[in-house]
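Number of protein chains: 4
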Amino acid sequence: MIKKIGVLTSGGDAPGMNAAVSAVIRYASSNKIEVFVIKDGYKGLINDWIEQADINYAQNIIALGGTAIGSARLPEFADIKVREKAVANLKKHAIEALVVIGGDGSYMGAQRLTEMGINCVGLPGTIDNDIVSSDYTIGFDTALNTIVQAIDKIRDTMQSHNRAAVIEVMGNQCGDLALYASIATGADVISTSESKLTEQEIVDQVTAIAKTGKRSVVVVVSEKMYPDVHALAEKVEASSGYVTRATVLGHIQRGGSPSAMDRHLAVTSAMFAVDQIIAGKGGLYIGLDGTKLVARDINSTLNMPRKDKTEETNKIRFLNAQFLK
Amino acid sequence: MIKKIGVLTSGGDAPGMNAAVSAVIRYASSNKIEVFVIKDGYKGLINDWIEQADINYAQNIIALGGTAIGSARLPEFADIKVREKAVANLKKHAIEALVVIGGDGSYMGAQRLTEMGINCVGLPGTIDNDIVSSDYTIGFDTALNTIVQAIDKIRDTMQSHNRAAVIEVMGNQCGDLALYASIATGADVISTSESKLTEQEIVDQVTAIAKTGKRSVVVVVSEKMYPDVHALAEKVEASSGYVTRATVLGHIQRGGSPSAMDRHLAVTSAMFAVDQIIAGKGGLYIGLDGTKLVARDINSTLNMPRKDKTEETNKIRFLNAQFLK
Amino acid sequence: MIKKIGVLTSGGDAPGMNAAVSAVIRYASSNKIEVFVIKDGYKGLINDWIEQADINYAQNIIALGGTAIGSARLPEFADIKVREKAVANLKKHAIEALVVIGGDGSYMGAQRLTEMGINCVGLPGTIDNDIVSSDYTIGFDTALNTIVQAIDKIRDTMQSHNRAAVIEVMGNQCGDLALYASIATGADVISTSESKLTEQEIVDQVTAIAKTGKRSVVVVVSEKMYPDVHALAEKVEASSGYVTRATVLGHIQRGGSPSAMDRHLAVTSAMFAVDQIIAGKGGLYIGLDGTKLVARDINSTLNMPRKDKTEETNKIRFLNAQFLK
Amino acid sequence: MIKKIGVLTSGGDAPGMNAAVSAVIRYASSNKIEVFVIKDGYKGLINDWIEQADINYAQNIIALGGTAIGSARLPEFADIKVREKAVANLKKHAIEALVVIGGDGSYMGAQRLTEMGINCVGLPGTIDNDIVSSDYTIGFDTALNTIVQAIDKIRDTMQSHNRAAVIEVMGNQCGDLALYASIATGADVISTSESKLTEQEIVDQVTAIAKTGKRSVVVVVSEKMYPDVHALAEKVEASSGYVTRATVLGHIQRGGSPSAMDRHLAVTSAMFAVDQIIAGKGGLYIGLDGTKLVARDINSTLNMPRKDKTEETNKIRFLNAQFLK
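Taken in order, these protein sequences are the chains called A, B, C and D.
Residues 1 to 325 (UniProt numbering) are what the first sequence spells out, left to right.
Residues 1 to 325 (UniProt numbering) are what the second sequence spells out, left to right.
Residues 1 to 325 (UniProt numbering) are what the third sequence spells out, left to right.
Residues 1 to 325 (UniProt numbering) are what the fourth sequence spells out, left to right.
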């Protein structure tokens, strides 16, 4: 039976990462396994920022946002010499396996470490919901609620003043934050990274809405799609007549105390990951499949195709545009 | 093609009911179907409290808690004469089909009305997550977040004062609110309607925790399981030594602006229900199956067995009790 | 005794405006005065968008964000001919007095209308807290909480990743939102419209913090002070070494359900305003002075000097910079 | 100049206590004073639970609910022998003065310690707003917002179902939480510890409202005023015809991340307290007087009369009862 494992968080922080770290520590401890936390992701492996986990600490971080054990990017981890240093540090502490919590940027490192003898099991931790091998990712639900609450507030002002708003949300090549937020708020115009509208299409749609006399308009767009959303808002204003402002939600989308379901996914998938490690497995990423957790070979997840959401997006556009006769 | 439909909410109010009503109105309108809202559930059918739906109204209620069109209990709807009055009122308005949003108490009415010529399609609207034919129900996620935030707050005070808390949550024969909330908050002792502890077991578990020196203890119990949770708290205090107070979360669990995922489920399942009605179907209840929506015969859903959660509950107990050596 | 009054909201919407409108309607009704709501501020006066208020409506809007009766800018209200039209419309409805809820942009209109025979009493409704004649304004507390919650979230991410954030908040020439938010969050660097730092000073302060090894830095700045906060963030990054991102909180600061104290101020000052009108007074603006409400001549409020906050700001800088040895 | 001070929290925990502790540590450190935290209030003084404060710790607790340094009751502190032990422990660490954060139960201890040579300065920390020498107390605003959000949620359900709710809130002999919450939510019936209604009066008022056809009723009562609020709800139901349920908000009112204004009061009053200590003063309690902080002799504060709120309460009753013709 395995005696010592490590846990780290990698890539962009996501609400629920702390709940996952907490559950790894608590569940492994319940199973008589010693747990070490690695600070600042793979960077901490290289620098030997490795500390024995404390059970009180594990208790106290469940509800906190961000990642209390730190995260960092480390492109040089692709270099085998760098990874050898990591493995040496792990062996020094007699750590035999790792739970890696992070987005798809952390997959390859987990796979390579497994190949070098350290069994790694990954948890999908990112607000972007861009991990194809899991229906939902840890952090998505919290970020989505933050976005929905922000859009609700902006709608208040738009409705008060007979205006239009262009709102840019995160997603990193995945339109789910934009799409789900649009469903939840009744956004009038939707442009996602997977079902993109041109600037002219956005301008035309808002102008068409203006003709129906609708009091307020909310346009939701994914990040990195238009050169300047403020300039886009000016174009919308010039054509539609609505006073129009752009808001880039930015970094408020990442932090915050995790939602109940993000904590639920974090805790249950963390236990499931530790179960894999106890079973002697590695090179796996945990995913949510319906209401079941599954463990997939990292290599197999890399080629999974992304679900096409064009039809769903168009259906929501049809729903939310009922004003357009 | 169908021309006029009605929508009503039935049973206990749940966050997201308004988002569902909104989506029924907006989606049916987009499909050139006229929508009527029936006030106060089946009671409004009998009393002809039926009004044409307004599209601005539909827009404005998406984010609101409760049910803006009212709900009520009507046991006498089991009487065919009462239902004939309902059908007569619907025919007066030329309403051919109904979307019914509510818990399993509304199933039978929907089935009976379908048999009498009014195609009914139901949406699972209840905070209790006690509808076996759907993985999650509309309102569960919001109520769960309300509970988790309340427990987080109570934990603050228990941790400040070295105390224990007994917290009673809703669930109506279904332990999911209690179980999920315990997972999300690291509750120390868990007793659900599906995996019940005796009062003595609760007292013993808290007393065992006290011996480990843990600073605070949270006990989460489902409603309707113990004659008096305040008396239970006294027993816990007498044995464990922790100053112990009980909190019955009560009606704060029902209201509030719906969470993003409750709105998502409400909106997508509402569209799916209208699609069934357009297809000429009735006697169906919509359920979430993984990430897919399914429409099941009401009769078939009545005999679906409840998932046994004993193993999962015990696993969470094992996780959360890592202090007990 | 006066028989009919109107109520309108003017200028930027602020949380609590609806609670104020609600209290005007309810309190005047309790005093047997008929209330009319004017839609879209002074614009509605000109266009006769005037409707009798409904008591159920008044009940239902207390907790809502924005202004349900609309607001708009109307620079041409400075023209006497335009105002004569407003007075004519008011006389048509036999409305003898007005409660005006809005920022200092609405003062002059209220004063002029009073001089033309319509007694106006104003309530300080703006998130900016820039009305010198009131310690706090309706909407400030809610906006401040929204900002503080946003900064807390951004701090989560900065702390997770060892980064710096530049956060721009509203305030419109008044630094209170920036200053209070900095106090509440422990912001490391503070630049307000009343105690401005140059870009170089900000860069230098963050660079000095970097040398102490502090994990995260939060810089809070008022709006309209730097040509481009994203460019400022780049300069901070270049000098300090922290990865640095700017976030412009923008319109999320205006909306949202009003906080308890914003509702309290809204309701109590609305009753106080109606009391002035009942007493036959006009040309007044209500202000909060400690825990007391006062009614001041509009003319006298125009020359009130703004409180100098330099000393207080410097004290907070001293407090929050304890890392700088 | 003073070199070492201590800080402790006493009595019931209140949101903002951590922000106050944080500011004491940070501000004193900025002033080259060493700070020690005393765990669990006066109990920690006796038991020598005294630790040097850490500046990172001070940073990280600003936004947390409860009191991270613990609190406890210690009636035996009235005994001089017990206090002598406290003074001996403080002298052992060379701690010359104390900041005491807590309600009026901590005043006497602070006064006695001052008389024994340890200058104590108190901060008003309690959710109850029952400290006459301060307009508002640290924690009141957060608790009030928690209550208002809870009542808003309960109103959702009452309005959905045509029901009445009896809601019991905290306050400990002070009606402010009940009164302010009633103002902010438009509660229909209000009974506070300072302006109490008999059970019969409550029943009669709700029954009168029922006759107007109002859809929902909310009754807000202070704690400890009726033997059993559930029995009271039954009486209300029997007379009025509304299905009526009681909710005791209980311990959810104490915890939670502090609001912006609670943190503001905590931080500014903490700095003010340290300033008093630096000036060599003791035996003082800090209070908020309008927007100014004042330091009053503890002895003088003990005899300050409580403000009579009967007139204000009656005015709110008049406002909120506009339905009663």
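Think of the CB as a built atom: it goes at the ideal place given N, C-alpha and C, for glycine as much as any other residue.
These numbers come from a predicted model, not from an experiment.
When secondary structure is reduced to three states using DSSP, B/Arg163 falls in the strand class.
Judged by their CB atoms, A/Leu179 and B/Tyr27 are not nearer to each other than the 8 Å cut-off. Comparing alpha carbon positions, the residue from C/Arg317, C/Thr9, C/Ala23, C/Ala78 closest to C/Val206 is C/Arg317. At a C-beta separation below 8 Å, D/Thr67 has these neighbours in chain B: Ser160. Legend: CB atoms of the segment 135 to 147 of chain D lying less than 7 Å from CB atoms of chain C belong to residues Asp135, Asp141, Leu144, Asn145. Taking the C-beta atoms as reference points, B/Gly139 is found nearer than 8 Å to B/Gly125. Per DSSP, the beta bridge partners of A/Arg245 are A/Ala165. Taking a contact to require three or more Cβ pairs closer than 8 Å, the segment 166 to 176 of chain A and the segment 287 to 301 of chain B do not qualify as touching. Ranking C/Asn31, C/Ala184, C/Gly103 by CA distance to the CA of D/Ser257 puts C/Ala184 first. Between D/Val37 and A/Ala143, the alpha-carbon positions lie close to 36 Å from each other. Under the Cβ criterion of 8 Å, A/Ser22 is not counted among the residues facing chain C.
Contact annotation for D/Ser29 against chain B: no contact, minimum CB-CB distance about 24 Å [criterion: below 7 Å]. D/His230 and B/Ser182 have their C-alpha atoms spaced approximately 27 Å apart. For A/Asp152, the nearest CB of chain B lies under 8 Å from its own CB, placing it at the interface with that chain. Residue-level contact check: C/Gly241 does not touch chain A, since none of the beta carbons of chain A fall below 8 Å from its beta carbon.
DSSP places C/Ser257 outside both helix and strand once states are collapsed to three, so it counts as coil. Separation of B/Ile95 and B/Ile55 (C-alpha to C-alpha, rounded to the nearest whole angstrom) is 18 Å. Here A/Ala238 is exposed, its C-beta having fewer than 16 other C-beta atoms within 10 Å. Against chain C, the CB of D/Val267 has a partner CB under 8 Å away; the residue lies at that interface. The beta carbon of C/Tyr42 sits closer than 8 Å to those of Leu8, Ser10, Ala72, Leu74, Phe77, Ala86, Ser106, Gly109, all from its chain and outside the five residues before and after it, given in chain order. Within its own chain, the residues whose Cβ lies closer than 6 Å to the Cβ of B/Ala63, once the five positions on either side in sequence are excluded, are Ser257, listed in chain order. Around the beta carbon of D/Glu223, 16 or more other beta carbons sit within 10 angstroms, so the residue counts as buried.
With respect to the C-alpha of C/Lys309, the residue from C/Glu194, C/Tyr57, C/His264, C/Ala23 having the closest C-alpha is C/Glu194. Rounded to whole angstroms, the gap between the alpha carbons of C/Ile298 and C/Ala53 is 27 Å. One Cα belongs to A/Gln111, the other to A/Val100, and the distance between them is close to 11 Å. Interface annotation, D/Ala260: in contact with chain C, CB-CB separation under 8 Å.
With contacts defined by Cβ atoms closer than 8 Å, B/His161 and B/Val248 do not form a contacting pair. Straight through space, the alpha carbons of D/Thr137 and D/Asn119 are spaced by roughly 22 Å. Taken through DSSP and simplified to helix, strand or coil, C/Asn89 comes out as helix.
The continuous alpha helix (DSSP H) containing D/Phe318 extends over residues 310 to 320. For the pair A/Ala266 and A/Ala58, the CB atoms are not nearer than the 8 Å cut-off.
Going by DSSP, D/Gly109 is part of no beta strand (DSSP E) but of the alpha helix (DSSP H) stretching over 107 to 115.
Contacts between D/Lys32 and chain C, judged by CB atoms closer than 9 Å, are missing: the closest CB pair is about 10 Å apart. Only residues of its own chain outside the window of five on either side were considered, and among them Gln276, Leu284, Ile286 have a CB closer than 6 Å to the CB of A/Ala295, listed in chain order.
Boundaries of the beta strand (DSSP E) harbouring D/Lys292: 292 to 297, taken from the DSSP string.
Classified as exposed, A/Lys81 has fewer than 16 neighbouring CB atoms from the shown chains inside 10 Å of its CB.
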